[in-house]
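Residue numbering for the sequence shown follows the working numbering, starting at 523 and increasing by one per position. We put the CB at the ideal spot given by N, CA and C, even for glycine. Every value quoted in this text rests on a predicted model; they were computed, and no experiment measured them.
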Amino acid sequence: MPHDPLAQADPHRQASLAMARCFSSSVLRPGWPAGAGGSDRALGRMNIRPAAPTDASRIAALVRSFEAVLIEDPAAAAPFWESMSQRAHVENIASNRFAYYVAESTNTLVGFIALRDDTHLFTLFVDAAGQGRGVGRMLWHHLIGRLPPKAEKRGVTVNASLNAVAFYRSLGFRSAGEIVRQHGIAFLPMRWERSPDAA
Ligand SMILES: CC(C)(COP(=O)(O)OP(=O)(O)OC[C@H]1O[C@@H](n2cnc3c(N)ncnc32)[C@H](O)[C@@H]1OP(=O)(O)O)[C@@H](O)C(=O)NCCC(=O)NCCS
Numbered sequence: 523m524p525h526d527p528l529a530q531a532d533p534h535r536q537a538s539l540a541m542a543r544c545f546s547s548s549v550l551r552p553g554w555p556a557g558a559g560g561s562d563r564a565l566g567r568m569n570i571r572p573a574a575p576t577d578a579s580r581i582a583a584l585v586r587s588f589e590a591v592l593i594e595d596p597a598a599a600a601p602f603w604e605s606m607s608q609r610a611h612v613e614n615i616a617s618n619r620f621a622y623y624v625a626e627s628t629n630t631l632v633g634f635i636a637l638r639d640d641t642h643l644f645t646l647f648v649d650a651a652g653q654g655r656g657v658g659r660m661l662w663h664h665l666i667g668r669l670p671p672k673a674e675k676r677g678v679t680v681n682a683s684l685n686a687v688a689f690y691r692s693l694g695f696r697s698a699g700e701i702v703r704q705h706g707i708a709f710l711p712m713r714w715e716r717s718p719d720a721a
């Protein structure tokens, strides 16, 4: 499915979007948010910034919205929900072990990403309505662009929910184990390392 029909139809727009994906964390996304009339007024500015404790309730609600996608065994999922609760996000955002960033468009929270201890991609979510527009990739590039050089050398791990494995592969992550079923969810351990060819 094309990510963006406007970009598909216009090679110049496609090229400028590709540039924006690579180099910017604040980018115009045609069609985002959906606006009336299909004119330039439909363009929205996607901005990425560090999360604040006041974002925690919207972050927790975003995770909740994926319950049906993520949870295999609701009876076993209490520890997962505790780790994704508003309280847990408030604590994480305040902790220097975590780096949280949110993507927003006209004050709507579209997605967020969180890294723990500079080494583990703790979580990454994009609102269902915003998926397939490069937001997840943009959050990832924003994050690794801010990794200390030592951490970047070590690489980044993630416990990828099974629905997200193809997404992580497209970012360069590789499998690092077998599928694990724990706390009501299933995930594949994956690992990303900077390609030696990368500048
Ligand atoms: C996984 C997720 C973060 C992806 O975010 P997104 O903004 O839709 O992804 P993007 O649009 O940035 O896609 C980036 C690349 O991944 C690919 N991709 C994304 N989702 C994919 C899927 N389900 N299957 C195959 N490829 C996929 C895209 O084709 C794109 O590739 P390209 O840039 O080479 O064309 C989002 O779907 C999500 O929040 N899912 C639910 C929550 C979840 O599972 N989070 C992961 C927890 S570990």
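Give me the Cα-Cα distance between residue i and residue j, rounded to the nearest whole angstrom.
{"i": "residue 618", "j": "residue 668", "result": "14 Å"}
{"i": "residue 579", "j": "residue 607", "result": "8 Å"}
{"i": "residue 659", "j": "residue 701", "result": "23 Å"}
{"i": "residue 705", "j": "residue 670", "result": "32 Å"}
{"i": "residue 583", "j": "residue 609", "result": "12 Å"}
{"i": "residue 673", "j": "residue 640", "result": "6 Å"}
{"i": "residue 623", "j": "residue 597", "result": "31 Å"}
{"i": "residue 695", "j": "residue 572", "result": "24 Å"}
{"i": "residue 612", "j": "residue 585", "result": "14 Å"}
{"i": "residue 662", "j": "residue 615", "result": "17 Å"}
{"i": "residue 592", "j": "residue 577", "result": "22 Å"}
For residue i, does the three-state DSSP call read helix, strand or coil?
{"i": "residue 641", "result": "coil"}
{"i": "residue 606", "result": "coil"}
{"i": "residue 654", "result": "coil"}
{"i": "residue 669", "result": "coil"}
{"i": "residue 686", "result": "helix"}
{"i": "residue 716", "result": "coil"}
On the premise that residue j lies in contact with residue i, defined as a C-beta separation below 8 Å, what is that separation, rounded to the nearest angstrom?
{"i": "residue 644", "j": "residue 636", "result": "4 Å"}
{"i": "residue 698", "j": "residue 690", "result": "The Cβ separation is near 11 Å, so there is no contact."}
{"i": "residue 621", "j": "residue 665", "result": "7 Å"}
4 or more residues per run - each alpha helix (DSSP H) lying fully within the stretch 577-627: 578-586, 589-592, 600-605 and 608-616
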